[in-house]
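> So for the sequence shown, this note's numbering puts the first residue at 24; every next one is plus one.
Think of the CB as a built atom: it goes at the ideal place given N, C-alpha and C, for glycine as much as any other residue.
My questions will all concern the structure given below.
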Amino acid sequence: MERMNLEWLAAFFTELKQEDVPAAVQEKAKLCLLDVLECCAQAPEEDHRLKGALASVRREAGYGNAAVWGADWCVPAAEAAFVNAVRGSISYRNDLHRKSAVHAGAIVCAAALAAAEQNGASPSQTLLGIIAGYENMIRLGEVLAVKGLHRGFRSSAVCAPFGAAVACGKVWELSKREMISAMSFSCHSGAGNNEWACAGTGEDVFHAGWGARNGLQAAQLAAAGAVGCASGLEGENGMLACFDAFDGLPLLTQELGRQYRILEVEHKPIAACLMLQAPCQVAERIAQQDGFSPDAITKIEIIVSAQAKRQPGCDAPTAENLVQAKMNLRYGVVQSLLGVTPC
């Protein structure tokens, strides 16, 4: 019988050792973790989403040993993964992988660290979990990007549990069979749409939180003996069938172990949507030129790709709240020309 891709991935990730991972990959993983923690530090405590996330897990305070970042109390690992991933996503400066269109950092790191605190995993094992989580999440994003997700779906939300499950599975040193099950379970909970960007409500940060928590629980189920099918991703009625995304399947294991996707991860200099990065940086350079005066501007023309124009919220004529501003090309460029960091 032909080996399923979840079996290939499980074999690779369960056998992965620190000496197998290039030094550059390990250093990049450390940088990604530091970047996530910096994003957490930038999250405003008054944000309604963070306040809601904290309140939703506060009832579990003292019942676990995983830290809630920015607080002085601990909760069970799944709850910590949720709220910490939310905190790490609010600044909109979270890292990105262009080809897959996923923001893995807050999701994978929050899940891996919560898992590590639950069983006292070593720093090196935790780092391997982060590397594995990035690799798994990004590769699924690349598979889905070949065909393109149906309108409204958000790639980070769909792929989040897939990355978090492997990150936690590696931290907990699951067996190959258990890792297959963890990934299979994660295929059932990946979802999330982009309407938040238009409405300005910002549910995208909960995509990160739910993905981290669901992935961690998928690994918990597998560790406890629950069995998932190896065909959960590519079977006739599996996840890829739901998204009509079989065309990109070879990318899932292509050059696995030789080309690490985390090396392609970028850290945004501006706390805003990916589509605003280039226009805002160009505007910043214009504003820094000698003799430039905002008062002399009579018209601004922003030329962007079709993808940027289509991105939910980016081409909106107005921005009425902070989330809409972080997604809005007009607002971001004007702020940059005025010498103010967007949002």
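1) By a C-beta neighbour count over all protein chains shown, 10 Å radius and 16 as the cutoff for buried, is His71 buried or exposed?
2) Identify whether Cys337 lies in helix, strand or coil by the three-state DSSP scheme.
3) Return the first residue and the last residue of the alpha helix (DSSP H) that Lys51 is part of.
4) How would you call Tyr283, buried or exposed, if buried means at least 16 neighbouring beta carbons within 10 angstroms?
5) Along the chain, where does the alpha helix (DSSP H) containing Asp227 start, and where does it finish?
6) Under 8 Å, do Cys265 and Ser207 count as touching if we go by C-beta distance?
7) Kindly indicate which three-state DSSP category Val125 falls into: helix, strand or coil?
8) Across which residues does DSSP place Ala90 in a beta bridge pair?
9) Pair every Cβ in the segment 144-151 with every Cβ in the segment 170-189, then say whether three or more of these pairs are closer than 8 Å.
10) Here's the rule: buried if 16 or more other CB atoms are within 10 angstroms of the residue's CB, otherwise exposed. What is Gly85?
11) Can the beta-carbon of Trp233 be found closer than 8 Å to that of Asp227?
12) Quick check on DSSP: helix, strand or coil for His120?
13) Assess contact between the segment 192-206 and the segment 312-327, defined as three or more Cβ pairs (one per stretch) separated by less than 8 Å. Is contact present?
14) Who are Phe176's beta bridge partners in DSSP?
15) For Glu453, which of helix, strand or coil comes out of DSSP?
16) From which residue to which residue does the alpha helix (DSSP H) around Lys199 run?
17) Would a C-beta distance cut-off of 8 Å place Val98 and Val91 closer than the cut-off?
18) Just how far apart, CA to CA, sit Ile325 and Val305?
19) Measuring CB atoms only, is the segment 131-143 touching the segment 233-242, in the sense that at least three cross pairs come out at less than 8 Å?
20) Tell me whether Asn351 sits in a helix, a strand or coil according to DSSP, three-state version.
21) At least one CB of chain D closer than 8 Å to the CB of Thr149: is that the case?
22) Is there contact between the segment 269-277 and the segment 136-144, where contact requires at least three CB pairs shorter than 8 Å?
Per the coordinate set shown:
1) exposed
2) coil
3) 46-65
4) buried
5) 227-246
6) no
7) strand
8) Cys97
9) no
10) exposed
11) no
12) strand
13) no
14) Asn216
15) The displayed coordinates of the chain run from 24 to 366. Any statement about residue 453 would go beyond what the structure contains.
16) 199-209
17) yes
18) 10 Å
19) yes
20) coil
21) Note that chain D does not occur in the displayed structure, where there is just one protein chain.
22) no
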